[in-house]
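Here's the structure, in structure tokens; my notes come after.
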Amino acid sequence: MKLVLTLIGVVLLVVAAVYFLVPADQLPGFFPGHEDGVARVHMKHGMVTGVIGIVLIAAGTFMRRR
14 MKLVLTLIGV
24 VLLVVAAVYF
34 LVPADQLPGF
44 FPGHEDGVAR
54 VHMKHGMVTG
64 VIGIVLIAAG
74 TFMRRR
């Protein structure tokens, strides 16, 4: 479980980086927030995704080994 939480957290941090670096019209079609013809970056999507990623990594780090 610890490994799963950490891996999902890392993936979410990568997705957050994509949200910060790529304009909305160049996001992959399966990403929420993809809008054709819009050149702005989705900061809120990136922040929320990043926070969730950090929380999952922290939860994976502080879990007890069984």
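Take 14 as the starting number for the sequence shown in our numbering and just add one per residue.
For glycine and all other residues, C-beta sits at the position ideal for the given N, C-alpha and C.
L40 is the residue among L40, T19 and I67 whose C-alpha sits nearest the C-alpha of R53. Under the three-state reduction of DSSP output, F44 falls in the coil class, being neither helix nor strand. Looking from the CA of M56, the closest CA among V28, I21 and F75 belongs to V28.
L69 sits buried, since 16 or more C-beta atoms from the chains shown fall within 10 Å of its C-beta. Closest by C-alpha distance to H47, out of Y32, A72 and V17, is Y32. In the DSSP assignment, H58 falls within the unbroken alpha helix (DSSP H) covering M56 to F75.
Exclusion of the five residues before and after A72 leaves L18 as the residues of its chain whose Cβ lies within less than 6 Å of its Cβ.
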